[in-house]
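Asker: Chains as they are written, first to last, in our numbering: chain C, 0 to 344; chain R, 0 to 344.
Quick reminder that beta carbons are idealized off the backbone N, C-alpha and C, glycines included.
Quick one: the structure is below, and I'll ask about it shortly.
Protein chains: 2
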Amino acid sequence: MKPLESSQLDNRLFMAGPITESSVLLSKPSDMKHIFEVFILRHQKKFCDALEYFEKQADPMGPRFISDKWQRSEGGGGISCVLQDGKVFEKAGVNISVVHGSLSKNAVVQMKKQHTNLELDESSSLPFFAAGISSVIHPRNPHVPTVHFNYRYFEVKGKKGPEWWFGGGTDLTPYKYNEEDFVHFHRHLKEACDSHDINYYRLFKRECDSYFVIPHRKERRGVGGIFFDDLNKPDLESAFQFISSCAAAVIPCYIPLVEKHYTNNYTEDDRRWQMIRRGRYVEFNLVYDRGTKFGFNTPGARIESILMSLPLEARWEYQHQPEAESEEQKLLEVLRTPKDWIPLE
Amino acid sequence: MKPLESSQLDNRLFMAGPITESSVLLSKPSDMKHIFEVFILRHQKKFCDALEYFEKQADPMGPRFISDKWQRSEGGGGISCVLQDGKVFEKAGVNISVVHGSLSKNAVVQMKKQHTNLELDESSSLPFFAAGISSVIHPRNPHVPTVHFNYRYFEVKGKKGPEWWFGGGTDLTPYKYNEEDFVHFHRHLKEACDSHDINYYRLFKRECDSYFVIPHRKERRGVGGIFFDDLNKPDLESAFQFISSCAAAVIPCYIPLVEKHYTNNYTEDDRRWQMIRRGRYVEFNLVYDRGTKFGFNTPGARIESILMSLPLEARWEYQHQPEAESEEQKLLEVLRTPKDWIPLE
């Protein structure tokens, strides 16, 4: 792995300066904790710039991303970037956080399910490091889908030694049925996966379809993408290279869909349907999303950053049913029975 | 207790005919299960009529309550009455349900915490009966508060014999700080309580303040009211009389506030603040409300009836803060630190 260099720490490359002191980052330039921090800082900037471009096109005087840098009293902090009430984006949030400290017993128990090396006695707590980038983009135009992605890195020092793993995913929540868009989105994700492991796309597409389910609605939040957790194979460097490919795919996955549709005409009915689907997004995020739940249960969590994923506006109509054979109905069908947008070998 | 008479079963007294066959209701006219069913049917009609009156005043051709009668395949059913997108009410839901069958092991475990008579071995399930009325009213004008009430009756046949209990409450979620309104609301609840037990109002006001908390926001959903569960004292008839008084208080608690404010002028900013507070309402109901959670975990539950409590529209603004010393700030303060609107002895 290429060690960090001071030229990579120029603040102009980031939305705000690093969470960790530059001198600390450069003192251990090959430490994955530091490499990952700089990686997410850089990706945050790139993605915000890519989105802001459209907002500038649509409204030279309109809102731009604001960056909030926050500190966590127990160790670390984050940078929340939000663009709100724009012409193109109703709410666009791109957050990073880099936190460390001790894992509470509760959190350890949650982790122990998957991480069997983390044996510990009743009273103990574990030193941990967690860093990630998380983003949800809610555009105004119903023809432009909502996108969500999240890439994260963990280290925990268990009794039997240190453990590391990555998690993440990118998924699409459209309001209009547009197969061309869905295939485009999945194709870029598949390419990112295939260059690392020929099984990854198939596996992580399935995991995504299983995760983003709203059981009480018997539907998925969107048309999927990829989702994975506990990735600690084949080795630290290769796993990081895979994460890099996934993160690099976000812009080519999504930005062309914004470009293609942000000036489309739409009706009041399109907008109403979008608001109803955003209600479902709220239902998934508040009731089922693990990250949100974890945030609610973590004392001192920055709630405003966690809930930036919620749309600016949402709607709940009693007994709303799209008309038979409507485009909305067609979308609902693929939310109920996920489709393979690209043939899986 | 006065037994049911056939004159009480005239369908014109209800939004829709009883869930249970009239012949069955009259075959055991002193059974609390039947008395309670007719009681909630009647209350549903009275409350819907009281609300619809304003909608007719405001818009002679506007929407009215629609009644959906539904059946539960495992036993019983309900009537959901919803008035949506009116001039006065954005969404008004008044539901009743009367269900019976076997309690699953999961539900039994939840109940066992409080109902220690319900001893049972691992595999057993219990015959149960549950009936209730539940209502959430979201008015359009931000000067008119949202109200919620719920009154319910349970019977379970445990190994050590049958158990019964009542639960319920009425609470107010305002968007404007109006102490006169809050005092009016609480005074009527206190009067309903005081005629039965001089300690009830104090106890149930406190329970309400403890229940409607949104921990991640460090605030309450509204300015409270009364809330209680597991009420099985002093005897079945007296407990039912108390429930009757509470239910009878709903109209004098709330309807005068609608009357007083539904034609008030309001600004775009008032409306925006109302939408933001409705977002908090959604957060409480989806994340913390026991009834909603129970519904999500009950296979075959009628989700549209459970989620009729959600507002027609809600809003989430990143980092929204009311201005210092604003009326909104004043409201937030009493949501953070509940106040005794009436001096408690």
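#1: CA-CA distance, C80/C and Q43/C?
#2: Starting from D48/R, trace the alpha helix (DSSP H) both ways and give me its first and last residue.
#3: Where G263/C and K86/R are concerned, what is the direct C-alpha to C-alpha distance, given to the nearest angstrom?
#4: Could you check whether the Cβ of S79/C sits closer than 9 Å to any Cβ belonging to chain R?
#5: Do the stretch 3 to 12 of chain C and the stretch 49 to 64 of chain C make contact, defined as three or more Cβ pairs closer than 8 Å?
#6: Apart from the five residues on each side of it in sequence, which residues of its chain come closer than 7 Å, Cβ to Cβ, to A192/R?
#7: For chain R, is any of its Cβ atoms less than 9 Å away from the one on A300/C?
#8: Of the choices A129/R, P141/R, F241/R, whose alpha-carbon is the least far from that of G168/R?
#9: Candidates I136/C, S308/C, K338/C, S325/C: which alpha carbon is nearest K175/C's?
#10: Considering just the uninterrupted stretch of the beta strand (DSSP E) at Q70/R, what are its terminal residues?
#11: Quick check on the burial criterion: 16 or more other C-beta atoms within 10 angstroms. Buried or exposed for S209/C?
#12: Based on Cα-Cα distance, which residue from N149/C, F148/C, W164/C, N296/C lies nearest to V155/C?
#13: Any chance you could list the alpha helix (DSSP H) runs of at least 4 consecutive residues sitting entirely within the stretch 271 to 341 of chain R, in chain order?
#14: One question on the structure: do A313/R and A313/C come within less than 9 Å of each other, judged by their Cβ atoms?
#15: Hey, V257/R and L25/R: beta-carbon distance below 9 Å or not?
#16: I want to know whether the stretch 8 to 23 of chain R touches the stretch 207 to 222 of chain C - three or more CB-CB distances under 8 Å.
#17: Considering only DSSP beta bridges, list what Y150/R is partnered with.
#18: List the residues of chain R that H215/C touches, going by C-beta distances under 7 Å, in chain order.
#19: Can a CB atom of chain R be found closer than 9 Å to the CB of G290/C?
#20: Have a look at W272/R, V146/R, Q328/R and flag the residue whose alpha-carbon is nearest the alpha-carbon of F181/R.
#21: May I ask you to list the residues that DSSP assigns as paired with T172/R?
#22: What residues of chain C sit near M307/R, judged by a beta carbon separation below 7 Å?
#23: Are at least three pairs of beta-carbons, each pair with one atom in the stretch 279 to 286 of chain R and one in the stretch 304 to 312 of chain R, less than 8 Å apart?
#24: Is D67/C close to chain R, meaning its C-beta is less than 9 Å from at least one C-beta of that chain?
#25: Rounding to the nearest angstrom, what Cα-Cα distance links H195/C and V333/R in this structure?
#26: Under 8 Å by Cβ, that's how I've got P28/C and L3/C pegged, so tell me the actual separation to the nearest angstrom.
#27: Given a threshold of 16 other Cβ atoms within 10 Å of its Cβ, counted over all protein chains shown, does I18/C qualify as buried or as exposed?
#28: Going by DSSP in three states, R205/C sits in which element: helix, strand or coil?
#29: For the beta strand (DSSP E) containing I225/R, name the first residue and the last one.
#30: Are there three or more Cβ pairs, one per stretch, closer than 8 Å when the stretch 129 to 138 of chain C is compared with the stretch 184 to 191 of chain C?
#31: Can a CB atom of chain C be found closer than 9 Å to the CB of V281/R?
#32: When you compare the CB of L230/C with every CB in chain R, is at least one pair closer than 9 Å?
#33: Report the option in N284/C, A247/C, K217/C, T297/C whose CA atom is closest to the CA atom of R335/C.
#34: Assuming the contact rule is C-beta atoms closer than 8 Å, H99/R and G74/R should be a hit. Round their C-beta distance to whole Å, please.
#35: Checking 9 Å against the spacing of the C-beta atoms, do Y265/C and P141/C come in under that value?
#36: Whole angstroms is fine: what's the gap from G16/C's alpha carbon to Q70/C's?
Answerer: In short, the structure shows the following:
#1: 8 Å
#2: 31 to 57
#3: This sequence places Asn at residue 263/C; Gly is not what is there. Straight-line Cα distance between these residues: approximately 32 Å.
#4: yes
#5: no
#6: One point to set straight first is that residue 192/R is Cys, not Ala, in the sequence displayed. Counting only Cβ-Cβ distances below 7 Å, and skipping sequence neighbours, we find Y199, Y200, F203, I225.
#7: yes
#8: F241/R
#9: S325/C
#10: 65 to 70
#11: exposed
#12: W164/C
#13: 289 to 295, 302 to 305, 326 to 335
#14: yes
#15: no
#16: no
#17: I132/R, G167/R
#18: F295, I302
#19: no
#20: V146/R
#21: T145/R
#22: Y317
#23: yes
#24: yes
#25: 56 Å
#26: 4 Å
#27: buried
#28: helix
#29: 223 to 230
#30: no
#31: yes
#32: no
#33: K217/C
#34: 5 Å
#35: yes
#36: 13 Å
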